[in-house]
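Protein chains in written order, with this note's numbering: chain B, 280 to 412; chain C, 280 to 412.
Some notes on the structure that comes next.
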C-alpha cells in the first residue's frame, strides 16, 4: 500500500491528473512526459513498472503492455509544489511510439524545426492496431 | 520573428498553455517543469532567456527577473505529439524557489517521502515579497 503521505503530497489537477516526466536513470536522457492519476501512481509504486493514465483512451496505460517497451521504476520524485512528478526509469527499448528512443526528436535549428533523431524500430514492429503502449 | 511552423507544431491546451521541462544542458539534471503560452515561446526563442507563463499570477514570468536565477536557452525541443516542450538551458544559480538547484528534491525512500537535497541559497536571499521568479 502506498504511504498516504506520498499521495497527499501530490497536487492532482481538476481532472485528477499530474504530469510525470520520465528520465533514463543512468544517462539523464529525458524520454517522455505523460500523465498519471492516483491509481497510476499507486500501481507504479507497488509494481515498479510505470503505469500512466492515457487521456485519449481515458484508461490506465501500462507502458509497454502492447509494445514490450516497459519502463522499470528506479525512483519517483515530487517537485516543490507537488504538481509534477519525475520518474527515474530504466527504459527497455524505445520510449516513443514513433520508434525513437525519446519523444523530443524535433529541435529548433536556425529558426526552423528539424528532426534530430531517426526511429530505431519501425512503429509497425512495436504495435498492432494500438497507437500507444 | 518565430517561424510559424514551430508555433503550429505545438499543441497548446484549452487554456492556451503547454508544459515545458527545463533540463540543464550539460549535466542532464531535470531542473523544473512550468508552463508556456504562445507569447512565452515566442519571447524565449527571440531572447534566448527562458520566459514561462505563471498560472498563479496569470502573466508572463521571465525566469530570474526577481531572483536573478536566469535560464539561458540552449535548445528547444518539441515532442512527438507536440504537447510537451523540452528546454535545454544553462541555469544560472538555482532553479527552485526554495533555493535548491532543482525542484525535484522529494523522493520516495523505503515507501516514504524524503528530502534528498538541501537549499543552496536561502529563499529570503532570492526574493523580496515575490514567491517565484
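The beta carbon of each residue, even a glycine, is placed where N, CA and C say it ideally should be.
For residue i: DSSP bridge partner residues
{"i": "residue 354 of chain B", "result": "B/367"}
{"i": "residue 393 of chain B", "result": "B/386"}
{"i": "residue 331 of chain B", "result": "B/340"}
{"i": "residue 300 of chain B", "result": "B/312, B/365"}
Within chain C, the residues that residue i reaches when beta carbons sit closer than 7 Å
{"i": "residue 302 of chain B", "result": "309"}
{"i": "residue 324 of chain B", "result": "387"}
Cβ-Cβ separation, residue j to residue i (assumed contact under 8 Å), whole Å
{"i": "residue 364 of chain C", "j": "residue 354 of chain C", "result": "Their Cβ separation, rounded to whole angstroms, is 11 Å, which puts residue 364 of chain C and residue 354 of chain C out of contact at 8 Å."}
{"i": "residue 374 of chain B", "j": "residue 310 of chain B", "result": "4 Å"}
{"i": "residue 307 of chain C", "j": "residue 407 of chain B", "result": "At roughly 34 Å, the Cβ-Cβ gap does not stay under 8 Å, so residue 307 of chain C and residue 407 of chain B are not in contact."}
When the options are compared against residue i, the one with the closest alpha-carbon
{"i": "residue 317 of chain C", "options": "C/343, C/377, C/338", "result": "C/338"}
{"i": "residue 290 of chain B", "options": "B/282, B/341, B/357", "result": "B/357"}
{"i": "residue 371 of chain B", "options": "B/319, B/403, B/301, B/292", "result": "B/301"}
{"i": "residue 319 of chain C", "options": "C/299, C/391, C/305, C/307", "result": "C/299"}
{"i": "residue 352 of chain C", "options": "C/346, C/345, C/296, C/321", "result": "C/321"}
{"i": "residue 413 of chain B", "options": "B/281, B/282, B/292", "result": "Limits of chain B in this structure are 280 at one end and 412 at the other, which puts residue 413 of chain B out of reach."}
{"i": "residue 387 of chain B", "options": "C/390, C/305, C/325, C/347", "result": "C/325"}
{"i": "residue 327 of chain C", "options": "B/403, B/404, B/390, B/405", "result": "B/390"}
{"i": "residue 345 of chain B", "options": "B/280, B/281, B/284, B/402", "result": "B/402"}
{"i": "residue 288 of chain B", "options": "C/406, C/407, C/393, C/404", "result": "C/393"}
{"i": "residue 281 of chain C", "options": "C/323, C/347, C/385", "result": "C/323"}
{"i": "residue 405 of chain C", "options": "C/369, C/342, C/385", "result": "C/342"}
{"i": "residue 377 of chain B", "options": "B/348, B/307, B/286", "result": "B/348"}
{"i": "residue 285 of chain C", "options": "C/385, C/369, C/407, C/362", "result": "C/362"}
{"i": "residue 369 of chain B", "options": "B/305, B/283, B/294", "result": "B/305"}
Under 8 Å by beta carbon: chain C residues contacting residue i
{"i": "residue 377 of chain B", "result": "359"}
Contact list for residue i against chain B, beta-carbon separation under 8 Å
{"i": "residue 392 of chain C", "result": "282, 284, 285, 288, 357"}
{"i": "residue 354 of chain C", "result": "386, 387"}
Per-residue contacts from residue i into chain B (C-beta, under 7 Å)
{"i": "residue 363 of chain C", "result": "312"}
{"i": "residue 298 of chain C", "result": "298, 312"}
{"i": "residue 413 of chain C", "result": "The requested residue 413 of chain C does not occur in the structure, where chain C is confined to residues 280 to 412."}
Residue i CB to nearest heavy atom of the ligand COA below 8 Å
{"i": "residue 333 of chain C", "result": "Questions concerning the ligand COA fall outside what the structure shown contains, since it holds no ligand whatsoever."}
Residue i at chain D interface by Cβ criterion, 9 Å
{"i": "residue 404 of chain B", "result": "Of the protein chains in this structure, namely B and C, none is chain D."}
TODO: Inspect the CB distances between the segment 380-389 of chain C and the segment 314-328 of chain C and report whether three or more fall short of 8 Å.
DONE: Verdict: no, contact absent.
Task: the segment 382-398 of chain B / the segment 328-346 of chain C touching (three or more Cβ pairs under 8 Å) - done: no
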